[in-house]
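Chain order of the listed sequences is A and B.
For the first sequence, position 79 (counting from the first letter as 1) is numbered 78 according to numbering that gives the first Met the number 0, and the numbering increases by one without interruption.
For the second sequence, position 55 (counting from the first letter as 1) is numbered 54 according to numbering that gives the first Met the number 0, and the numbering increases by one without interruption.
The beta-carbon is built from N, C-alpha and C at its ideal position, and this holds for glycine as well.
Everything below concerns the one structure shown next.
There are 2 protein chains.
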Amino acid sequence: MDKIKIVQIGLGPLGQKITRCLVERKETFAIVGAVDVDPKKTGRDLADICDLKQKSGVRIAASLEEVLRRVRPQVALLTTISDMKRITPQIENIVRHGIHVVTTCEELAFPWKTSPQLAGRIDAAARRHKAAVLATGVNPGFLMDFLPTALTGVCQKVEGIRVARIQNAAFRRVPFQRKIGAGLTPAEFKAKRKQGTLRHVGLTESMGMLADRMGWKLDRTEDVLSPIIAGKKINAGAMTIKRGMAAGVQQIGKGYAKGKLKIELVFRAAVGEPDARDVIEIFGEPNIVSTITGGVNGDIATCAVAVNATRQILRVSPGLHTMTDVPVISFFAG
Amino acid sequence: MDKIKIVQIGLGPLGQKITRCLVERKETFAIVGAVDVDPKKTGRDLADICDLKQKSGVRIAASLEEVLRRVRPQVALLTTISDMKRITPQIENIVRHGIHVVTTCEELAFPWKTSPQLAGRIDAAARRHKAAVLATGVNPGFLMDFLPTALTGVCQKVEGIRVARIQNAAFRRVPFQRKIGAGLTPAEFKAKRKQGTLRHVGLTESMGMLADRMGWKLDRTEDVLSPIIAGKKINAGAMTIKRGMAAGVQQIGKGYAKGKLKIELVFRAAVGEPDARDVIEIFGEPNIVSTITGGVNGDIATCAVAVNATRQILRVSPGLHTMTDVPVISFFAG
């Protein structure tokens, strides 16, 4: 099989990690270009920014157009922003060159309810230029939407779906612990919540994707964020959390149809959280309870599913896709 | 959404169950015809054969041609045989009318390694007449092939896959207990094994599907069947199994690439088997252990996935498909 020719656009922490994943699988992927707008990065070899062992021979460009003067990538891996409004012109600019897009933009995972006009713009641009676009990631994109959808395939009836992602942040990096509010006082937590920096983006998108596939019209959704307060002192690597401080965050999404709770998505990440796991419950015929022991490592998973998606994106019809309308994405060797 | 117009072909136990599933979801499906070659069934109302509560108004026909004189189904649900050689002309005959086919034929789940010529014939006929064909079921078709494939989507590396389906037959119907050899002496078990009646068809197909998606060239596969011998007396509803008798069957499929074990599929069904479950293990980066507690009820699941597949089969390109190249099949209401 020919290598898939990729341009990596966006070299923040996630883009750097994806680059390392691509390099690790160099029998399968060829990074033919890289783009970042940060002048501290442009002009340098990808290896310097992404901590690669060997020089890559790929110089970071300031724009896609600069890359296209020399090479013709098949797929752009786009890891710039989570925001639908700001990513739309970026995608329009990529697809007009006939290049497919796989992105980790959370709001694009299922934009048809939340941003139908922007979604329509992306879809139209992609179709016009015969390019396919897909947003994916572990969550949204996999654990709370695609995977439960797949499990309902063996169900004759589905009354409701509940997914819980329970993560113990004790073994995660300090930036991740900070991100989930670990160590904050309740007042600090409240202030940060107001700023919006604690929020995990994607529960609404996952609910939209599930409801769309099940044929449920959600008349109300909610997405409520609250602190998980330490009941006792917790020692977690570099960080000690006193009793009464926030150990992490809980975010619960609920979707109702005709006043009945149909979807519940529980996202808990805290230092010292016991029994880390991903649990999918399908209430139906048959009932299904499926558990991934320990939970899926989110950092690796998001990079992997984005990288793996570059193969399917070459095979689907032009336009904007979601994870539930492309053939299943899997690992593949060689 | 318009109802999906279905002709049910084959009214053995599975076809009857599928018919009941379709009738239960009558907002979604319309059974417009039914076919069986058994003269004891033809001419009678579907309700009489399938134990429906109300007359269906569908008279069982002896051939598809008889059905087509009056109505135009979109999809045929074909539950006649497991055998690739014998099902090929049946499918050719259906698709030449431009009717899509969803079948539970195990050998068709992934026929590209075991029967490439027959698979090619079906594929060519389907393309010629713009019809799509898919074989599905709980196993092969879902638990040991599609679902593990889906889980590897979040993996950066996969070294091996192990799936174990552990069923307790204590609560199943006596015919199922008989089918797995429960209550036989070791000598009787051996004789039945020789006849081939104890064998679960599909492990080879599931291995083929997994290997194809992972990019592994299997140079050897095996499929070994052995009795599970009761270590003590087991009381199981209508049946008592003495110590030293067979309580059920174990079948293990193994697939090797370059001499290394890459795929192991374990199918265990026995009366009194403890801790029933479906477990998928991905050995890679990350490792994934996913467990469905109690296991998926196989009877409901096979009917449900076949019925649910009738929606996707309307949307895919013409030709012979497998579960890993169509968009994910899910339940859907209305």
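Where residue i meets chain B, residues with beta-carbon distance less than 7 Å
i        : result
A:Phe266 : Under the 7 Å cutoff, chain B gives no residues; its nearest Cβ is about 16 Å from A:Phe266.
A:Phe331 : Arg212, Met213 and Gly214
A:Cys49  : The contacting residues do not exist; A:Cys49 stays about 15 Å from chain B at best.
Sequence-distant residues of the same chain with beta carbon closer than 6 Å to residue i, five excluded per side
i        : result
B:Pro139 : Glu105, Ala108, Gly201, Glu204 and Ser205
B:Arg43  : Ile59
B:Val70  : Val31 and Gly32
A:Met143 : Val162, Ser205 and Leu264
B:Gly159 : Lys261 and Phe282
A:Val173 : Ala237
A:Lys4   : Ala29, Val31, Pro72 and Gln73
A:Ile86  : Ile80 and Cys104
Where residue i falls, given that 16 or more other Cβ within 10 Å makes a residue buried
i        : result
A:Pro147 : buried
B:Ser114 : buried
B:Gln116 : exposed
B:Asn234 : exposed
B:Ser356 : A question about residue 356 of chain B goes unanswered here, because the residues of chain B that appear run from 0 up to 333.
B:Ala237 : exposed
B:Ala186 : exposed
B:Leu45  : buried
A:Leu260 : exposed
B:Arg219 : exposed
B:Gln53  : exposed
B:Gln194 : exposed
A:Arg314 : exposed
B:Pro88  : exposed
A:Gly9   : buried
B:Pro226 : buried
A:Met0   : exposed
B:Pro12  : exposed
A:Val334 : Residue 334 of chain A lies beyond the residue range present for chain A, which begins at 0 and ends at 333; the question has no answer from this structure.
A:Lys253 : buried
B:Glu64  : exposed
B:Gly152 : buried
A:Glu272 : buried
A:Asp211 : buried
Contacts that residue i makes with chain B (C-beta to C-beta distance below 8 Å)
i        : result
A:Cys104 : Within 8 Å Cβ-Cβ: nothing; A:Cys104 doesn't reach chain B, min ~18 Å.
A:Thr148 : Val327 and Ser329
A:Pro285 : Val295, Asn296, Ile299 and Ala300
A:Glu280 : The contacting residues do not exist; A:Glu280 stays about 10 Å from chain B at best.
A:Glu263 : Within chain B, no residue comes near A:Glu263; the closest Cβ sits about 17 Å away, beyond 8 Å.
Contacts that residue i makes with chain A (C-beta to C-beta distance below 7 Å)
i        : result
B:Asp324 : Pro326
B:Val153 : Val137, Phe141, Val295, Ala300, Ala303 and Val304
B:Val157 : Phe330
B:Glu64  : The premise fails here: B:Glu64 is roughly 31 Å from chain A at the closest Cβ pair, so nothing lies under 7 Å.
Strand pairing of residue i, partner residues [DSSP]
i        : result
B:Phe28  : B:Ile3
B:Lys156 : B:Glu284
B:Pro226 : B:Val248
B:Gly318 : B:Ala131
B:Pro326 : A:Pro326
B:Lys259 : B:Ala256
9 Å Cβ cut-off: residues of chain B touching residue i
i        : result
A:Asn307 : Thr151, Gly152, Val153, Cys154 and Gln155
A:Glu204 : Ordered by position in chain B, no residue passes the 9 Å Cβ test against A:Glu204, which lies about 17 Å from the chain.
A:Glu272 : Neighbours of A:Glu272 on chain B: none; closest Cβ ~18 Å, over 9 Å.
Heavy atom of the ligand MN within 7 Å of residue i beta-carbon
i        : result
B:Phe175 : With respect to small molecules bound, the structure shown includes none, and the ligand MN cannot be examined in it.
Chain-order list of residues whose beta-carbon lies under 7 Å from that of residue i (same chain, five-residue window excluded)
i        : result
B:Lys191 : Gly180, Leu183 and Leu197
B:Gln155 : Glu284
A:Ala339 : Past the boundaries of the shown model lies residue 339 of chain A; chain A is included only from 0 to 333, so the question cannot be answered.
A:Arg276 : Ile165, Thr290, Ile291, Thr292, Gly293 and Gly294
A:Glu26  : Gly333
B:Ile17  : Gln7, Leu76, Thr78, Cys302, Ala305 and Val306
B:His128 : Val94, Arg95 and Gly97
Contacts of residue i in chain A (Cβ-Cβ under 8 Å)
i        : result
B:Val288 : Ile291, Thr292 and Gly293
Same chain, Cβ closer than 8 Å to residue i, five either side skipped, listed in chain order
i        : result
A:Asp50  : Gln15 and Arg19
B:Val231 : According to the sequence as given, residue 231 of chain B is Lys; it is not Val. Arg242, listed in sequence order.
B:Asn307 : Ile328, Ser329, Phe330 and Phe331
B:Val66  : Val6, Val31, Gly32, Ala33, Val34, Ala60 and Pro72
Partner residues on chain A for residue i, Cβ-Cβ distance less than 9 Å
i        : result
B:Phe28  : What B:Phe28 touches in chain A: nothing, since even the nearest Cβ is about 12 Å away.
B:Phe145 : Ala149, Gly152 and Val327
- Report the residue ranges of all beta strand (DSSP E) runs contained in full by the region 159 to 220 of chain B; include only those spanning at least 3 residues, in chain order. none
- Query: Quick one: complete alpha helix (DSSP H) runs, 4+ long, within the region 102 to 152 of chain A?
  - Reply: 115 to 127 and 145 to 150
- Message: Suppose only complete runs of 4+ residues qualify. What are the alpha helix (DSSP H) ranges in the region 36 to 102 of chain A, listed by chain order?
- Response: 45 to 49, 63 to 67 and 83 to 94
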